[in-house]
Structures are given as C-alpha cells and as structure tokens.
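Notes for the one structure printed next.
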Amino acid sequence: MSVFITRRVLQSLVVVFVMSLLVFFGVNIVGDPIDMLINPEADQEDIEAAIRALGLDRPIHEQYWYFVVNALKGDLGKSFIFAEPALKLILQRMPATMELALTAMIMAIFVGIPLGVFAGLRPNSKISKTIMAGSILGFSLPTFWVGLMFIMIFAVMLGWLPSTGRGETTSLFGIQVSFLTWDGLRHLLLPALNLALFKMSLVIRLARAGTREVALQDYIKFARAKGLSSSRVVLVHVMKNIMIPVVTVLGLELGGVIAFAVVTETVFAWPGMGKLLIDSIQLLDRPVVVAYLMITVLMFIVINLMVDVIYSILDPRVRLKDVKS
Amino acid sequence: MRLLKLTVAALAAALVAVPATASAAGQLTIALASEPSSIDPHFHNLGPNNALARVMFDRLIMPDEKQRLRPGLAVSWKPIGDTTWEFKLREGVKFHDGSPFTADDVVFTFQRAPNVEGSPSSFGTYLKGKEVIRIDDYTVHIKTERPYPLMPNDMSTFSIVSRKHGEGAKTPDYNSGKATIGTGAYKFVEYLPGDRIVLKRNENYWGDKPEWTKVTLKAIKSGPSRVAALLAGDVDLIEQTPTPDIERLKKDPNLTLSQGISNRVIYLHLDHDRKASPFVEAKDGGEIANPLQDQRVRMAISQAINRDAIVSRVMEGIAIKAGQLLPEGFFGRSPNLKPVKYDPELAKRNLSEAGVGDGFKLTIHGPNDRYINDAKIAEAVAQMLTKVGIATDVVTMPRSVYFKRASRGGPNGTPEFSFILVGWGSGTGEASSPLKSLIHTYDKSRGFGASNRGRYSNEKVDTLIEDALATVDDGKRQDLLAEATEIAINDGAIIPLHYQVNTWAARKGIKYRARTDEATVATDVISE
Numbered sequence: 046m047s048v049f050i051t052r053r054v055l056q057s058l059v060v061v062f063v064m065s066l067l068v069f070f071g072v073n074i075v076g077d078p079i080d081m082l083i084n085p086e087a088d089q090e091d092i093e094a095a096i097r098a099l100g101l102d103r104p105i106h107e108q109y110w111y112f113v114v115n116a117l118k119g120d121l122g123k124s125f126i127f128a129e130p131a132l133k134l135i136l137q138r139m140p141a142t143m144e145l146a147l148t149a150m151i152m153a154i155f156v157g158i159p160l161g162v163f164a165g166l167r168p169n170s171k172i173s174k175t176i177m178a179g180s181i182l183g184f185s186l187p188t189f190w191v192g193l194m195f196i197m198i199f200a201v202m203l204g205w206l207p208s209t210g211r212g213e214t215t216s217l218f219g220i221q222v223s224f225l226t227w228d229g230l231r232h233l234l235l236p237a238l239n240l241a242l243f244k245m246s247l248v249i250r251l252a253r254a255g256t257r258e259v260a261l262q263d264y265i266k267f268a269r270a271k272g273l274s275s276s277r278v279v280l281v282h283v284m285k286n287i288m289i290p291v292v293t294v295l296g297l298e299l300g301g302v303i304a305f306a307v308v309t310e311t312v313f314a315w316p317g318m319g320k321l322l323i324d325s326i327q328l329l330d331r332p333v334v335v336a337y338l339m340i341t342v343l344m345f346i347v348i349n350l351m352v353d354v355i356y357s358i359l360d361p362r363v364r365l366k367d368v369k370s
Numbered sequence: 054m055r056l057l058k059l060t061v062a063a064l065a066a067a068l069v070a071v072p073a074t075a076s077a078a079g080q081l082t083i084a085l086a087s088e089p090s091s092i093d094p095h096f097h098n099l100g101p102n103n104a105l106a107r108v109m110f111d112r113l114i115m116p117d118e119k120q121r122l123r124p125g126l127a128v129s130w131k132p133i134g135d136t137t138w139e140f141k142l143r144e145g146v147k148f149h150d151g152s153p154f155t156a157d158d159v160v161f162t163f164q165r166a167p168n169v170e171g172s173p174s175s176f177g178t179y180l181k182g183k184e185v186i187r188i189d190d191y192t193v194h195i196k197t198e199r200p201y202p203l204m205p206n207d208m209s210t211f212s213i214v215s216r217k218h219g220e221g222a223k224t225p226d227y228n229s230g231k232a233t234i235g236t237g238a239y240k241f242v243e244y245l246p247g248d249r250i251v252l253k254r255n256e257n258y259w260g261d262k263p264e265w266t267k268v269t270l271k272a273i274k275s276g277p278s279r280v281a282a283l284l285a286g287d288v289d290l291i292e293q294t295p296t297p298d299i300e301r302l303k304k305d306p307n308l309t310l311s312q313g314i315s316n317r318v319i320y321l322h323l324d325h326d327r328k329a330s331p332f333v334e335a336k337d338g339g340e341i342a343n344p345l346q347d348q349r350v351r352m353a354i355s356q357a358i359n360r361d362a363i364v365s366r367v368m369e370g371i372a373i374k375a376g377q378l379l380p381e382g383f384f385g386r387s388p389n390l391k392p393v394k395y396d397p398e399l400a401k402r403n404l405s406e407a408g409v410g411d412g413f414k415l416t417i418h419g420p421n422d423r424y425i426n427d428a429k430i431a432e433a434v435a436q437m438l439t440k441v442g443i444a445t446d447v448v449t450m451p452r453s454v455y456f457k458r459a460s461r462g463g464p465n466g467t468p469e470f471s472f473i474l475v476g477w478g479s480g481t482g483e484a485s486s487p488l489k490s491l492i493h494t495y496d497k498s499r500g501f502g503a504s505n506r507g508r509y510s511n512e513k514v515d516t517l518i519e520d521a522l523a524t525v526d527d528g529k530r531q532d533l534l535a536e537a538t539e540i541a542i543n544d545g546a547i548i549p550l551h552y553q554v555n556t557w558a559a560r561k562g563i564k565y566r567a568r569t570d571e572a573t574v575a576t577d578v579i580s581e
C-alpha cells in the first residue's frame, strides 16, 4: 500500500507542475488587470507606476519563474486587488465554503441513498416513480434558477428563511463555523439545499440502479433464505455492495462542489472561496485565480487518493497493487 | 419511526418559528453591489472603498450629493498668492478615540496617502506636486509649482487619518480595525471579508447627528439576489437596482425608490488619427480613407442616433439624453449646447456632402458588463447607423479585455479600435476632468489625454483647457471650460449619448439622497 501511495504522490507532483504552467500562462494571456484597478482619472505616469508596482512589465517567463520560486516557499503571490497574500484570502474564506459543501454532501447522502434504495427495492410503486421524476428535475434545472426560486418562495413570499448571507458564527477549534447556532443553520439551509440538489439526484439514480442490480443477486436470495431480517439484508448486504459507484461519484463530485460552489455562493451572497474566485476572474486578479486553481488541483488529487483507499476497505477484492503501466 | 417523524416536525417548526432578522429600530442594513477591497481609506482609489471611507473618515472638503464642495475638516479656504492656498481647519473635532484633530494629522495624511504599500491605484494622482506646510494647529498652506485652481476639488477626494494611529500602520491594521480611527460620523466595529462590514454611530460627531445607531453593509453582487433581499426584508436599502426591476418595484407599496442623475456620460469615441482605420471599410469591403476624420461625417453619426429612443427603449426611461460632457448643475458646462436632434435625412445629406453618400462599413466596440445596458446601447446605435447607410457591426466583450485593447491594444500600445462606446464619470465634479483626459491632445509627458482613445487633437481646445487649468478665478474658468466644450462637441471630438441615472430602492420609511457620484453613503440615508 505504501508503495502505491508513494507512486501516486510522485504522479501528483507532475500533475501539479503541468497545471501550474497551464493556469499561469492561460490567465496571463487574457486582458490586462491594470485597466481594472486603476482609477480612470489617473494619467499615463500613474498607470506606468502601477504596472511596475505589480511586476507586469516583466516578461512572462520571468514572472512565472518568480511565481514558482515563491510557491515553493509557500507564498502563492499577492492579490492585485487586496494586496494580501492570495493564500491567506482563500484560507480565510475556506471554512464558509467547506461548511456549505459538506452540508450539501451530507444532505445528498442521507436523503439520496435512502430514497434511491427505496426506489430500487419497490420500483413500481407510485412513490418510487415520483422520486425518479424528481431526480430528473434535480439534475436538469440550472442551479442559478433553482437558487433564485428558493429565495423567492421561502424568503420573499413565505418569509420563513433569510434570503442571503451567512448567519452568526462561533469558533470551533479556531475556525469560524455557523452551523452551531440557530441563526447560522437558518442561513445555511437554502444554499446547502440548492447545492445538494444536483448531487442528490445523481445519488438517487445510482443507488436505485445499484439496488435493482444487487437485489436480484444470489447472495441476497440466500440471505433471505437463511432467515435474516429484512433490515439487515438491506442495510448490510445491499448497501455495502452498491457503495462503490456511489463513493466514486461522490468523491469526484465533492471536489467539484468545494471548488465550484460559485453559482450558489453568488446567488446567496455566501462569503466563500467560490465567490472570491468569480470576482477575481472578472477583475483579473491573477494571483488569486492561480492560487485558487493550484489549491483545487491539490484537493482533487487528495480526494481521489482517499477514494481509492476507501475502495480497498469496502471491497476486499480490490487490492491496491503496483500496476506496471 | 413515529419518534423520527415527530423530531423532524419539531425541528422544522423551530427553524421557521424564529422571526426574520429584520433591522431593529435605528439600525440600518445596506446591500452594496460591490464590496470595498479594503477598510484602509488610502489603499485604493476606487468607488466602493471611497464610499465606505466617507462615513468613517472626513475630508478637508466634503462633496455633497451634487458634488458641490462643502466645508469638512476645513472651514474655509482661499488662494493667497499665485501658487499657495490657505486652508483654515475646524477646531474642536475629535477622532473616534477622543484625541483632537490638528494640522499635524493633515501633514501626516499628505505623506501617507500616496505611499501605501501595494496600492493598485493610489491617491498620488491628487496629491503629487503639492507641498503642505503647517502654519499653526488649525492652519495649513498648500504650495504648488504653478497656479492650481483645482486645489479645493483635489482636497475633496481623500480622507484625513490620524498621525497617532496611522504612523507605521499598514493596510492589514486598517482591515482589522486597529488603525481605523477617523473623525467621521460612524465608527468601525468589524469587517468579515466577503460577508459584511459593521459600523456604529459616533456620538461625538462634529457635524449633523448621524441617524442610525448601527449600520451593516453587505455585498450582494447578483442583481436579482439584491432585489430579493430587499423584498424579503433582510436589508433596508439596496444600490444599483437592476433596470428591469424598477417598474415593478415602483408599484410596490412597501418600497420607496430614490433616483438621481449621475455624473457619468455614456458617449462614442471616434478614430480621428489614422487615415486607414482598422475597423472602417468601404461598402464593398475594400479600403477607404477614414471618413471619421471629416467633421460632417461625425455630425451625421450624431444626427443619425435617436437619443430619445435609446433613453425610453434601451434604458427603460432611466437615463437623460446628453449634449455635452456633464449634466446640468455641474461646473464648466456650456449653456449653449443641447443634445443633437435626431434627423436621419440631414445625416444622409451630410454624408453625401462628405463624399460617402453610399455609406461605408464600420464596427462598433463596447464593453458588456461595465455600464448599465452597455451592450444593448451599442446594438441600438449600430441599428440606427445602418439605417442611414453606415453598415455597422457590433463587437462587445467583458471589460477586463475591452479596456486594455481600447487603450493600448493597437501597434506600439496605441488604441486598437475605430469606434467605441465608453463612459466617463467626473470624479472632481467639474468639466476639466473629461476635457483634460478625453479631449486634450495625448501628451504623456504632461499627463494630458490619458483616455483620449480617438487621439483627437485641436490646438485651440488644448490652449483653452490649459488656460482653464491655470485660472484661479472661478468665473473666468467657467467660461474657458464652457468654450472648450462647445468647440470640441461641435467639432465632433466625441459624441455624447446620455447621462446615467442611478436608482436606490429602500423599504418604506427610508429615502436616499441620490448622489451624482453614484456612491451609497450611510449619512445620506434618511428616514421619513
């Protein structure tokens, strides 16, 4: 196992390096941040001073070299707009996004799997058909529109829940979290639901397909014949066997949810990393965009590694061998 | 199972039962369209930052909602001699921590403001070339090399900070609140980046007693979300109401709308400089000597545009058609210029007289996310021009790409486009700002024409502008600026379209004193 992990780490370093090249050069080809930052009433002299101050007058490969040297020291550049280290800006907002993403995942898992398994066990009942129709809506409707609809219905018309923003936060192990207060939970509910809808639908469909396949297997018939209770059959034997595709998809999606909760964060004005990313792209705050994408790459790599490890726990037939590629 | 159902029901009821967090009496929550990038008032010369700084810090001269100069921390000012201005400072003003405000703080501000580390766009623009001398605790003299009539305007742009707290403080100290001690109407309480900024009333403010005990500023970038927050009662006032929602909100009995004209003019800039302009072609696609260099063609373009239709259809009534660089009430405006009348027949006649009676091809370039309805305006202009024979294509792009290309995208860092839609807001509230930057001949060494993307060059206008910038007498300067504007507009230096109108929406009982500088400032929010 340890050799497997070492190999993976080495491969990941190559991925990170290639990614840094792509991102850095890609972001630097588009547009010019100076025009986004400078007050229009500044004259030519001020504009040139600003260009020099940001290091934009140096040739691009020199800028990249500085970036790599600093990155190895842990400094991913300073934001043009905030003049604070890009990494600090992202980490400041990470708890908010993680909170949102993890809540959405929990909703997707604890609502999606039971619904999917139910639909798989009783595929012809009316309830199952409703669930499946709902899941189609769930992944077809655009997140932006659904978010606005939630706000219109629950905040404006019914007035039950707040329309934007994050609630009161309290400190948990030094990180600001908002799910420990009532106010925080009320603010968290709609955005998390909005984000979760797509994943929930995927999970429902996967769970249902998996359940239908597994339910017809011989070992299930054998377990029933043995006299095991219904709940044990379902909760132990069916669940374990449908988990592999579910875990794969959830693993991939978790990375995506964390990195790209942009739409939900914009609609609900949730102070997370996604909102920071979209603002930085629009305003050409290149250091932040580059830093963010580097962190995202690392995150995806780590999550995928964890998913592979979980496989080997779930399914003893999968052994993490040193595959000679 | 039953227990589970009961628990879920109880939880749902509890969540819903907590009342909505509407603002308590005396508290105000404002939804901004863009977040200030820092609490440091000198960090970035940017709209949202300046609007925020205005309530926590004061300036020597405070522009009111029509950008007229009012005494702030300076009670009076006058030129003494050719190159010196004397400012008498207000006595008895205390900073938020109780320490007194004196001339020493002004001297410190002059040193600090242009030298903030990492500033993307510093206040150096307004402070360079000026030397401040402390005469006594409440008098300063500001010297320049040449006569400088715009001294009061420049003094109305930046905030005064205290030497005691500002000495050695950097931008992060302001963001955390440690150094954020000003003389303004509201005190800093907390700043959660991306989330909110909280302020509380300064009970010892020297000016009009601030109305609100607590002010919370939230940034909600998405227009529809901002409107939804207002409708849901989560915020009391929003800025930059999206134009499609304005009609509907007007009819809502629970809301009040406040509208005001802005100092921003939306105009067209044409290529005056190149004989072979890259986006101008003959009707058949071949080369053509740039017709935009002929004054009659420029007049024809202005006459072909139906400004009333743009205001009523494209801007949905939320704009005022323009005939020059600044709307009514601003200094340096010409009383003789009116918006050009829509006259397509006259336009066609002008085009034939200029030798392009058959028309030609043109491409209009514009941003699509910078000004209100900018892409739609460009499309409307293109349609109107095509009707008189100038077949016009429209190319719009995000501002992050547009401005660079419009200013420096051509060979050798020259402007790339031939015919552009763009806007200009006069930060100083008078005509020398657009004249100097848009119309004066491009002159890098003297800092003129920095945004003159058409490279218009008229010696007579240049002389008038330069004279005005050195004329301290207000009456004479007004005439010089008005004359320069008249010559430039009649010559077609730029083609003004309309002035933007800004709309603030608030819950019933709150009105906003609409500001021409488009800023949303808590001290201008009044309860009825």
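Residue numbers (our numbering), protein chains in the order written: chain A, 46 to 370; chain B, 54 to 581. In this text, a Cβ means the ideal position worked out from N, Cα and C, and glycines have one as well.
In chain B, what lies closer than 8 Å to Leu193 (chain A) by C-beta? Pro277, Ser278, Ala281
If I'm right that Val283 (chain A) touches Ala306 (chain A) with Cβ under 8 Å, what's the distance once you round it to whole angstroms? Going by Cβ atoms, the distance from Val283 (chain A) to Ala306 (chain A) rounds to 32 Å, so no, they are not a contact pair.
Are the C-beta of Phe112 (chain A) and some C-beta of chain B separated by less than 9 Å? no
Report the partner residues of Pro397 (chain B) according to the DSSP bridge assignment. Its beta-bridge partners do not exist; DSSP assigns none.
Interface partners of Pro225 (chain B) on chain A, CB under 8 Å: Glu129
Name the residue from B:Ala342, B:Glu170, B:Asn555 whose alpha carbon lies nearest to the alpha carbon of Gly412 (chain B). B:Ala342
By Cβ distance, which residues of its chain are closer than 7 Å to Ser215 (chain B), with the 5 residues on each side in sequence left out? Phe148, Ser152, Asp158, Ile234
Applying the criterion that 16 or more other CB atoms from any shown protein chain within 10 Å of the CB defines a buried residue, is Arg360 (chain B) buried or exposed? buried
Is the beta carbon of Gly507 (chain B) closer than 9 Å to that of Pro116 (chain B)? no
Determine the DSSP secondary structure at Arg317 (chain B), reduced to helix, strand or coil. strand
Could one say the Cβ of Gly317 (chain A) lies closer than 9 Å to chain B's Cβ atoms, at least one of them? yes
Beta-carbon spacing of Ile158 (chain A), Val248 (chain A) below 9 Å: yes
Mark Trp130 (chain B) as exposed unless 16 or more other C-beta atoms lie within 10 angstroms of its C-beta, in which case mark it buried. buried
Segment limits, beta strand (DSSP E) that includes Met450 (chain B): 443-450
Output the residue ranges of the alpha helix (DSSP H) runs that lie fully inside the region 223-275 of chain B and measure 4 residues or longer, sorted by chain position. 224-229
Can the beta-carbon of Gly221 (chain B) be found less than 9 Å from the beta-carbon of Thr162 (chain B)? no
Does any residue of chain B bring its CB to less than 9 Å from the CB of Asn239 (chain A)? no
Could you confirm whether any beta carbon from chain A is found closer than 9 Å to the beta carbon of Pro173 (chain B)? yes
Which value, in whole angstroms, describes the spacing of the CA atoms of Asp570 (chain B) and Val352 (chain A)? 54 Å
Between Leu310 (chain B) and Phe211 (chain B), what straight-line distance do the alpha-carbon atoms span, to the nearest angstrom? 30 Å
Span of the beta strand (DSSP E) around Leu178 (chain B): Reading the sequence as shown, one finds Thr at residue 178 (chain B) and not Leu. It is not in any beta strand (DSSP E) - Thr178 (chain B) instead sits in the alpha helix (DSSP H) that spans 177-180.
DSSP three-state call for Met437 (chain B): helix, strand or coil? helix
Which of the three DSSP states is assigned to Ile473 (chain B) in this structure? strand
Proximal residues to Ala241 (chain A) (C-beta, below 6 Å), its chain only, five neighbours per side dropped: Ala149, Met152, Ala153
Can you tell me the Cα-Cα spacing of Asn168 (chain B) and Gly300 (chain A), whole angstroms? 42 Å
I'd like to know if Val379 (chain A) contacts chain B, where contact means its C-beta is closer than 9 Å to some C-beta of that chain. Beyond the ends of chain A as shown, which are 46 and 370, falls residue 379 (chain A); an answer cannot be given.
Quick check on this structure: which residue in B:Glu512, B:Lys401, B:Leu491 has the alpha carbon closest to the alpha carbon of Tyr320 (chain B)? B:Leu491
Would you report the Cα separation of Thr23 (chain B) and His418 (chain B), rounded to the nearest angstrom? Within the shown structure, residues of chain B are numbered from 54 to 581, placing residue 23 (chain B) beyond reach of any answer.
Terminal residues of the beta strand (DSSP E) in which Ser580 (chain B) lies: 578-580
Quick check on the burial criterion: 16 or more other C-beta atoms within 10 angstroms. Buried or exposed for Ile181 (chain A)? exposed
With 16 other CB atoms within 10 Å as the buried threshold, where does Glu582 (chain B) fall? Since the first and last residues shown for chain B are 54 and 581, residue 582 (chain B) lies out of range.
Contact set for Val342 (chain A): own chain, Cβ-Cβ below 7 Å, skip 5 residues either direction: Val60, Val61, Met64
Interface positions of the region 207-221 of chain A facing chain B (Cβ-Cβ less than 9 Å), listed along the chain: Pro207, Ser208, Thr209, Gly210, Arg211, Gly212, Thr214, Gln221
Under 9 Å, do Ile265 (chain A) and Leu359 (chain A) count as touching if we go by C-beta distance? no
Determine, using beta carbons only, whether Ala285 (chain B) comes closer than 9 Å to chain A. yes
Three or more beta-carbon pairs under 8 Å between the region 333-348 of chain B and the region 517-529 of chain B, yes or no? no
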